[in-house]
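A.B. asks: Let me give you the structure first, and then I'll get to my questions.
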Ligand SMILES: *Cc1c(COP(=O)(O)O)cnc(C)c1O
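Residue numbers (this note's numbering): 13 to 408.
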């Protein structure tokens, strides 16, 4: 038998989760007939799930958002014909050419990216998303520089290099109760009535602030020029001349961006399950050490199961004793330091545990990835994207 660790990727769960996002948006947009468009964010190899799987599972999304150009080309080769948004924009001239060749829409977040457009021949106009820094201070133009950047892009549009200009920002604190009021105000004040689509929300903003996002007045009801208006599904009674886009990532993968709201409670399903097997079971007397540095000392006689999963598989080394693990369908607890290839579990309270029994590290039937992440002082995002290449992917 080969080493039994596997990561199971559930396409149906991915599609279900996207459907759940659409459902939430539909419920909250009843007052505004225009449904927002959805970029399914698939950066980092679709949060560890695989690009081709994501292209397939997210077929109903309005677009895919990522940042790696090689991954974008893989999407096209896998048959994705709808828009692709490059979240960090172009890094060099080759990227700009890739945007033209593969029909990718770059974010423009700094002056050098505008200069690239100005300096180079652009064979076909490129749709761009201009990014405003509304306080996160990561990417984007400062409010006082935004107008100038927009004018530069308008000029490029008149030269046939830019197809349309949309406006976007990213929230730093969307997981907090009042986390988006201030940045939303900066966005509205800065973008004002400029024509073009609006794109503001990640998973946290969608889940925590759906109504606020969807009812936000992102500008006037003035018509945009034909080149920028793709909002064919916009109900005119909503008086919106632009489309709203949202950018969910983590919730599509069945994890939650909100510490107080588990993904399952919001109707999302685990799409990634990390499984392995017991490779040894032993009795350890009270007061003995288990694992490296004897970090764990048995408080009583204990049955310990050794599992074929370690930090070289992507399980967090800093997961403390007590972190939940499901063995043979029963909840147990990590005991002792995680090794490179193995970890140890207290299975004393469990009915028979034998070599070869199934272990679920996280996911369907096991602890939630958020639960393991929380115990380990990190977030589900990190665990999902950290499963290493040596772990065989099983897609179903
Ligand atoms: C990653 C990312 C998202 C998605 O964020 P989640 O928290 O995973 O929903 C949205 N927008 C940008 C710019 C991102 O980088």
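Here a beta-carbon is modelled for each residue, glycine too, at the ideal position from N, C-alpha and C.
Where does residue 301 fall in DSSP's three states?
C.D. replies: Counting from 1 along the chain shown, the entry for residue 301 is found at position 289. Reduced to three states, the DSSP call for residue 301 is strand.
A.B. asks: Would you kindly report the start and end of the unbroken alpha helix (DSSP H) that includes residue 202?
C.D. replies: Along the chain shown, one-based indexing puts residue 202 at 190. Note, residue 202: alpha helix (DSSP H), 193 to 203.
A.B. asks: Say the cut is 7 Å; is the CB of residue 182 nearer than that to a heavy atom of ligand 1?
C.D. replies: Translated into positions along the chain shown, residue 182 becomes position 170. Residue 182 Cβ: within cutoff of ligand 1.
A.B. asks: CB-CB under 7 Å to residue 391, same chain, minus the five flanking residues each way: which ones, in chain order?
C.D. replies: Position 379 of the chain shown holds residue 391. Counting only Cβ-Cβ distances below 7 Å, and skipping sequence neighbours, we find 385.
A.B. asks: When the Cα of residue 148 is compared with those of 124, 141, 139, 199, which residue comes out closest?
C.D. replies: Against the chain shown, residue 148 aligns to sequence position 136. Ranking 124, 141, 139, 199 by Cα distance to residue 148 puts 199 first.
A.B. asks: Compare the beta carbon distance of residue 314 and residue 290 with 8 Å and say whether it is the shorter of the two.
C.D. replies: For this step, residue 314 is matched to residue 302 along the chain shown. For this step, residue 290 is matched to residue 278 along the chain shown. Not in contact: residue 314 and residue 290 (Cβ atoms no closer than 8 Å).
A.B. asks: Give the residues whose C-beta lies closer than 6 Å to at least one heavy atom of ligand 1, in chain order.
C.D. replies: Here the list is 53, 55, 99, 182, 214, 215, 216, 259, 260, 261, 262, 269.
A.B. asks: Closer than 6 Å by C-beta to residue 187: which residues in its own chain qualify, once you throw out the five before and the five after it? Chain order, please.
C.D. replies: Reading the chain shown from its first residue, position 175 is the one you call residue 187. Once the five neighbours on either side are set aside, the close Cβ partners of residue 187 are 216, 269, 270.
A.B. asks: Count Cβ pairs between the segment 31 to 44 and the segment 14 to 23 that sit closer than 8 Å; are there 3 or more?
C.D. replies: no
A.B. asks: Near residue 310, what residues of its chain come up, given a Cβ to Cβ distance below 6 Å and the 5 sequence neighbours on each side ignored?
C.D. replies: In the chain shown, residue 310 corresponds to position 298, counting from 1. So the list reads 296, 298, 300, once near-sequence residues are dropped.
A.B. asks: Is the segment 173 to 186 close to the segment 127 to 144, with three or more CB pairs under 8 Å?
C.D. replies: Cβ pair count under 8 Å is three or more, so yes.
A.B. asks: In three-state DSSP terms, what is residue 25?
C.D. replies: If you number the chain shown from 1, residue 25 lands on position 13. Of the three classes helix, strand and coil, the one that applies to residue 25 here is helix, per DSSP.
A.B. asks: Roughly how far, in whole angstroms, is the beta-carbon of residue 87 from the beta-carbon of residue 76, given that I think they are within contact range, below 8 Å?
C.D. replies: Here residue 87 refers to the residue found at position 75 when the chain shown is read from its first residue. Here residue 76 refers to the residue found at position 64 when the chain shown is read from its first residue. About 6 Å; that satisfies the 8 Å criterion.
A.B. asks: From 382, 388, 337, 106, pick the residue whose C-alpha is nearest to that of residue 370; which is it?
C.D. replies: Position 358 of the chain shown, counting from 1, holds the residue named residue 370. Comparing Cα positions, the closest option is 337.
A.B. asks: Check whether the segment 301 to 308 touches the segment 271 to 280, counting contact only when three or more Cβ pairs, one atom from each stretch, lie closer than 8 Å.
C.D. replies: no
A.B. asks: Is the segment 346 to 360 close to the segment 389 to 408, with three or more CB pairs under 8 Å?
C.D. replies: No: the two stretches stay apart, fewer than three of their Cβ pairs being nearer than 8 Å.
A.B. asks: Measure the alpha-carbon distance for residue 406 versus residue 65 and round it to whole angstroms.
C.D. replies: Here residue 406 refers to the residue found at position 394 of the chain shown. Here residue 65 refers to the residue found at position 53 of the chain shown. The straight-line gap from Cα to Cα measures roughly 11 Å.
A.B. asks: Which runs of the alpha helix (DSSP H) at least 4 residues long sit entirely within the segment 355 to 391? Give them in chain order.
C.D. replies: The segment 355 to 391 is shown to contain whole alpha helix (DSSP H) runs of 4 or more residues at 381 to 387, in chain order.
A.B. asks: Would you mind reading off the limits of the beta strand (DSSP E) that contains residue 179?
C.D. replies: Stepping through the chain shown from its first residue, residue 179 is reached at position 167. In this chain, the beta strand (DSSP E) harbouring residue 179 covers 174 to 181.
A.B. asks: Straight-line CA distance for residue 404 to residue 383?
C.D. replies: To locate residue 404, count along the chain shown from 1; it is residue 392. To locate residue 383, count along the chain shown from 1; it is residue 371. Computed Cα separation, rounded: 23 Å.
A.B. asks: With H, G and I counted as helix, E and B as strand and the rest as coil, what does DSSP make of residue 288?
C.D. replies: Here residue 288 refers to the residue found at position 276 of the chain shown. The answer is strand: DSSP assigns residue 288 an E or B state.
A.B. asks: Under the three-state reduction of DSSP, which class applies to residue 117: helix, strand or coil?
C.D. replies: Along the chain shown, one-based indexing puts residue 117 at 105. Note: residue 117 maps to strand in three-state DSSP.
A.B. asks: Below 8 Å on the Cβ atoms is my contact criterion, and I expect residue 141 with residue 112 to pass it. Report the Cβ-Cβ distance as a whole number of Å.
C.D. replies: One-based indexing of the chain shown puts residue 141 at position 129. One-based indexing of the chain shown puts residue 112 at position 100. Contact doesn't hold; Cβ gap of about 16 Å is too wide.
A.B. asks: When you compare only the Cα positions, how much space is there between residue 210 and residue 335?
C.D. replies: In the chain shown, the residue the question calls residue 210 occupies position 198. In the chain shown, the residue the question calls residue 335 occupies position 323. Straight-line Cα distance between these residues: approximately 42 Å.
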